[in-house]
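Novice:
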Amino acid sequence: MYKVIHTALDILFPPHCAGCGSASQALCASCARATAYLGKECFFCAGPAEKNNICGQCSRNHDFESIIWLWRYQNEKARTIIAAYKYKRKSALALPLARLLSQKLREHNIPRDIVVIPVPLHKNKERERGFNQAALIAKNLGLYSLSTVAVRLKETSPQAWTESRRERFKHMENVFLITRPETVQNKDILIIDDVATTGATLSELARVLKKAGAAKIYAAVLAHG
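Heads up: the sequence shown begins at 1 in the UniProt record's numbering, then just goes up one per residue.
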């Protein structure tokens, strides 16, 4: 029924690109190219890094094999697209965004048998927004996804822009719980989220996944910065 309704709505009201407003599709190829980030830098310290986007020093302090992102959040068009997806409920963006992430995953040789876990929203936030934006992208990646294994135990401020890096990491301690550890034990995990700033959210979820017995941890986000 959901697909039928949305197909009918697309016929009556053709989608417009969230980046430029052109009447074509939810995200046109031009806007996808215009926002692309092609650099190689460490996700955590912004220093030089190899293909996995984590420098040698930071890799010793974090649980990730690799962190991938499509765009710099400072890019105005990227922010416009993400805002349309998250706050204007443009759920049609989930598929093109997932396709862009899939291409990045292939470029970084992320294993196809990986288990995808989206960053969970607190139940109050998900009820307010109507959907979990990370979970919807994860579902459209075409990989095995576990959207209910990780739960968020407490609400946190959206991006905590006023906090220092140290405060942000402290703020995220013990926020997540893995409800069924047996489903992640000895499995390679790909964490999906929309925006990452300091990496505190990703790092805390990676920590509890490791504690639950996960093997290698990867992460992919739409935007970083």
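We put the CB at the ideal spot given by N, CA and C, even for glycine.
Got a sec? Which residues, its chain only, sit under 8 Å from K86 by beta carbon, not counting five neighbours each side?
Specialist: R129, Q133 and D194
Novice: Please work out which residues of its chain come closer than 7 Å, Cβ to Cβ, to R89, disregarding the five sequence neighbours upstream and downstream, and give them in chain order.
Specialist: Correct list, in chain order: G130.
Novice: I'd like to know if the stretch 20-37 and the stretch 182-193 are in contact, where contact means that at least 3 CB-CB pairs between them fall below 8 Å.
Specialist: no
Novice: On a Cα-Cα basis, can you pick out the residue from E155, L27 and Q57 that is closest to R127?
Specialist: It is E155 whose Cα lies nearest to the Cα of R127.
Novice: At which residues does the alpha helix (DSSP H) containing L202 begin and terminate?
Specialist: A200 to K211
Novice: DSSP three-state label for L93, please.
Specialist: helix
Novice: Nearest CA to the CA of G39: which residue from A18, G19, R72 and H171?
Specialist: It is R72.
Novice: In or out: E50 buried (at least 16 other Cβ within 10 Å) or exposed?
Specialist: exposed
Novice: If you draw a straight line from the C-alpha of L121 to the C-alpha of L153, how long is it?
Specialist: 9 Å
Novice: Straight-line CA distance for V175 to E41?
Specialist: 28 Å
Novice: Using a Cβ-Cβ cut-off of 7 Å (strictly less than) and excluding sequence neighbours within five positions of L141, which residues of its own chain qualify?
Specialist: A98, L101, S102 and V116
Novice: Which residues mark the beginning and the end of the beta strand (DSSP E) in which I114 is found?
Specialist: Taken as a continuous stretch (DSSP letters only), I114 belongs to no beta strand (DSSP E), as it is neither H nor E.
Novice: Would you decide whether A150 is buried or exposed? Buried here means 16 or more other CB atoms lie within 10 Å of its CB.
Specialist: By the Cβ-count criterion, A150 is buried, with 16 or more other Cβ atoms from all chains shown falling within 10 Å of its own Cβ.
Novice: May I ask you to report which of helix, strand or coil DSSP gives Q62?
Specialist: Checking the sequence shown, residue 62 turns out to be His, not Gln. In the structure shown, H62 sits in coil (DSSP, three-state: anything other than H, G, I, E or B).
Novice: Starting from Y218, follow the alpha helix (DSSP H) in both directions and report where the run begins and ends.
Specialist: Unbroken run through Y218 is the beta strand (DSSP E), I217 to H224; no alpha helix (DSSP H).
Novice: Please report the straight-line C-alpha distance between K210 and R166, rounded to a whole angstrom.
Specialist: 21 Å
Novice: Pull up the distance between the alpha-carbon of residue 234 and that of E65, whole angstroms please.
Specialist: Residue 234 lies beyond the range of the chain shown here (1 to 225); nothing can be said about it.
Novice: Just to confirm, are I189 and I217 a CB contact at a threshold of 8 Å?
Specialist: yes
Novice: How big is the Cα-Cα spacing for S59 and K104?
Specialist: 20 Å
Novice: Can you tell me which of A200, A214, H16 and V221 puts its alpha carbon nearest to the alpha carbon of N61?
Specialist: A200
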